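Heads up: the protein sequence lines correspond to chains A and B, in order. Just so we're aligned: the first sequence equals residues 2 to 253 in the numbering used here. Just so we're aligned: the second sequence equals residues 2 to 253 in the numbering used here.
There are 2 protein chains.
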Amino acid sequence: MRHEQRADAATLNSISPLPIYYQLQTIIQNDIEGGRLKPGDAITPERKLAERYKVSVGTVRQAIAPLVNEGFLIRMQGKGTFVAGTTMDPDYVRSYRFLSDFSEAEAPIKFTFKSLKKVAGSTRINACLKIAAGQDLFELKRLMLIDNEATAYSISYLPQRMFKRLDETPSSRFEKIALYRIIEQAYGVPTISRRELFSVAAADKEVAALLQVEPGSPVLVIEMMAYTHKERAYEFRKSFCTTRSRRLLREY
Amino acid sequence: MRHEQRADAATLNSISPLPIYYQLQTIIQNDIEGGRLKPGDAITPERKLAERYKVSVGTVRQAIAPLVNEGFLIRMQGKGTFVAGTTMDPDYVRSYRFLSDFSEAEAPIKFTFKSLKKVAGSTRINACLKIAAGQDLFELKRLMLIDNEATAYSISYLPQRMFKRLDETPSSRFEKIALYRIIEQAYGVPTISRRELFSVAAADKEVAALLQVEPGSPVLVIEMMAYTHKERAYEFRKSFCTTRSRRLLREY
DNA sequence: GCTCATTTGTTCGTATGTATC
DNA sequence: TGATACATACGAACAAATGAG
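Structure, rendered in structure tokens:
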């Protein structure tokens, strides 16, 4: 479990205008973002880092503290310092939160799996994901229910090359665990940020049937990109929501 | 400009299980959240705090660091440590950001002032703002244009008691400076968080006329609450957006 | 343009406490 | 119980930025 960091090609430069603690912080952060340190790995203990780089423990702590603060690392007294997974607040990372009003409580939601299959890449989606036009995708469809009423329908696209054998995941898993958790646990890809585009559109036949509305009636449409380290896109998702009785919540 | 903190009713307790640095952090944070330290104020220098509380400079720094990190304070070498205003990333705090697609650049937006007047409180809005039903409100209406095309229309409600004489603000100011900046600069109320509820609704006559759409046609509706310290609500806003050519952006 | 007092920034080293295994 | 590792706290020295004179 303990990850052995290689005995540093990167070294600290005391002549550099950059503070030593910052140089060390960058080294560690690069190891995380470069995938050499994966979620769950323990990093070298602070005292050993201090010896290796010939700096004081305080300086090592200065390097580690901001990484802990930004959510890259998790420190546990008596155990060690570990690489974190998805940094976003679990509440914020949830895409489908519905309220009828600000004063009301959040409605519990149920995910149902519809399908997961390999599909050919699309020009637009591959461009958004910044992958070659020829690369194939996984297409995941899910329906979200509140009080047994279909409330949101989502179609996700993920690069096959990045998530090999995702289609071997038991479908029940997609109903129990959030997608970003699966991505993180199975592939070591944490979710760092997301962008969403909101619009209104008329429901097509597929959406209308699933959301139980008249074809052509207006629904809330959200196109989302999910990003891991270094703003690398890993998912494109299109969601359709009815907002008859409940409305979609976002907090910042 | 320099704010003199009173010579501490609150004192540090070395017997307490809470670390000293944390106790000191809490004292400072309470002064900020309680309004005794306002945005722009300088806090007592670290060495003086160390003397006053009989702790080392390092401990004071440990107390200040997280407050800097969370955005309550801003430190400037050679100048001092100052109480920050709105903590949110300026980009994130902007409510009206529109893109035609993920790969496109953001469209520049123009705010136009429509009206600002005193209105009686409403049961629902006052409840959301957690103020007495009888309290009066300011109602601010603004129209947002992209490429001279009406794209969003917003109606904001703010408690009169909290923002006395807001209606004496020159209307041009609302077209040049974001509302949250005015609120912060004129009243010392920083924006800490927001919640939004997204839905789709038919445009009424007023909205349809301003957004230049057919009455009854579907528009994106966003109800927003803005909060300052301690999750105290200070604004209720209802926005209506057309998403013909551009879509509303949110990032997390 | 220069100097000086003030203030924060960086780095060091040490000691002791506490949690884990 | 002991070894390991992080948490808290202290204090000192020098660097760098600022603003006043």
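All C-beta atoms, glycine included, are put in the ideal place defined by N, C-alpha and C. What you are looking at is a predicted structure, and each value in this text was computed from that prediction instead of being measured.
Exposure label - residue i; buried when at least 16 CB within 10 Å
{"i": "N127/B", "result": "buried"}
{"i": "S155/A", "result": "buried"}
{"i": "M225/A", "result": "buried"}
{"i": "M163/A", "result": "buried"}
{"i": "Q26/A", "result": "buried"}
{"i": "D42/B", "result": "buried"}
{"i": "Q24/A", "result": "buried"}
{"i": "T12/B", "result": "exposed"}
{"i": "E52/A", "result": "exposed"}
{"i": "E185/A", "result": "buried"}
{"i": "P191/B", "result": "buried"}
{"i": "A134/B", "result": "exposed"}
{"i": "S96/A", "result": "buried"}
{"i": "L74/A", "result": "buried"}
{"i": "S15/B", "result": "exposed"}
{"i": "S17/A", "result": "exposed"}
{"i": "A180/B", "result": "The sequence shown places Leu at residue 180/B, not Ala. Buried: at least 16 other Cβ atoms inside 10 Å."}
{"i": "G122/B", "result": "buried"}
Residue nearest to residue i in terms of C-alpha spacing, selected from the options
{"i": "S200/B", "options": "G81/A, D205/A, V220/A", "result": "V220/A"}
{"i": "T45/B", "options": "T229/B, T82/B, V56/B", "result": "T82/B"}
{"i": "R125/A", "options": "P20/A, Y158/A, Q63/A", "result": "Y158/A"}
{"i": "L38/B", "options": "F241/B, G189/B, L50/B", "result": "G189/B"}
{"i": "E252/B", "options": "V120/A, S246/A, R195/A", "result": "R195/A"}
{"i": "R48/A", "options": "P40/A, D42/A, A209/A, S57/A", "result": "S57/A"}
{"i": "D32/B", "options": "P18/B, R238/B, L68/B, L198/B", "result": "L68/B"}
{"i": "G86/B", "options": "E207/B, R182/B, E215/B, A202/B", "result": "R182/B"}
{"i": "E105/A", "options": "G122/B, L198/B, S116/B, N14/B", "result": "L198/B"}
{"i": "P171/A", "options": "N70/A, E185/A, S116/A", "result": "S116/A"}
{"i": "A204/B", "options": "I75/B, V84/B, T243/B, N14/B", "result": "T243/B"}
{"i": "I29/B", "options": "S15/B, S17/B, Y54/B", "result": "Y54/B"}
{"i": "E207/A", "options": "A179/A, A153/A, R174/A, R245/A", "result": "A153/A"}
{"i": "L249/A", "options": "L250/B, F241/B, V222/B", "result": "V222/B"}
{"i": "R166/A", "options": "L180/A, S173/A, A187/A, I178/A", "result": "A187/A"}
{"i": "G36/B", "options": "V84/B, A209/B, R76/B", "result": "V84/B"}
is_contact[residue i, chain B] using C-beta, thresh 7 Å
{"i": "M226/A", "result": "yes"}
{"i": "V201/A", "result": "yes"}
{"i": "N70/A", "result": "yes"}
{"i": "L141/A", "result": "no"}
{"i": "E185/A", "result": "no"}
{"i": "E176/A", "result": "no"}
{"i": "E207/A", "result": "no"}
Closer than 7 Å to chain A by CB, residue i
{"i": "Y22/B", "result": "no"}
{"i": "L130/B", "result": "no"}
{"i": "L180/B", "result": "no"}
{"i": "E197/B", "result": "yes"}
{"i": "E47/B", "result": "no"}
{"i": "E252/B", "result": "yes"}
{"i": "L74/B", "result": "no"}
Neighbourhood of residue i by C-beta distance below 6 Å, restricted to the same chain and skipping five residues each side
{"i": "L146/B", "result": "K111"}
{"i": "E236/A", "result": "S157, L159, A227"}
{"i": "G217/B", "result": "A203"}
{"i": "Y22/A", "result": "T60, Q63, A64"}
{"i": "E5/B", "result": "Its pLDDT being 45, under 50, E5/B is placed unreliably in this model, and the value from its coordinates should be taken loosely. Once the five neighbours on either side are set aside, E5/B has no close Cβ partner at all."}
Close-in-space but distant-in-sequence residues of the same chain around residue i (CB under 8 Å, 5 per side omitted)
{"i": "T113/A", "result": "R143, L144, M145, L146, E176"}
{"i": "D119/B", "result": "Looking at the sequence provided, one finds Lys at residue 119/B rather than Asp. The residues are D137, L138, F139, E140, Q161, D168."}
{"i": "E34/B", "result": "H230, K231"}
{"i": "A108/B", "result": "F99, L100, S101, I147, D148, R247"}
7 Å CB neighbourhood of residue i in its chain, flanking five on each side removed
{"i": "A151/B", "result": "L144, L211, L212, Q213"}
{"i": "V61/A", "result": "L25, E47, L50, A51"}
{"i": "C129/B", "result": "M226, A234, F237"}
{"i": "A10/B", "result": "Here A10/B scores only 45 on pLDDT, less than 50, and its place in the model should not be relied on; the value that follows carries that caveat. So no residue of the chain qualifies."}
{"i": "I193/A", "result": "T88, Y228, T229, H230"}
Relative to chain A, which residues along the segment 217–250 of chain B have a C-beta separation below 7 Å, given in chain order?
-> Against chain A - using a Cβ distance shorter than 7 Å - the residues of the segment 217–250 of chain B are P219, V220, L221, M226, T244, R248, L249, L250.
Using a Cβ cut-off of 8 Å, which residues of the segment 99–110 of chain B contact any Cβ in chain A, in chain order?
-> Those would be L100, D102, F103, S104, in chain order.
Listed from N- to C-terminal order along the chain, which residues in the segment 150–169 of chain A have their beta-carbon within a distance smaller than 7 Å of any beta-carbon of chain B?
-> For the segment 150–169 of chain A, which is checked against every Cβ of chain B, not one residue is closer than 7 Å.
Members of the segment 55–70 of chain A near chain B, C-beta cut-off 9 Å | Correct list: G59, A66, P67, N70.
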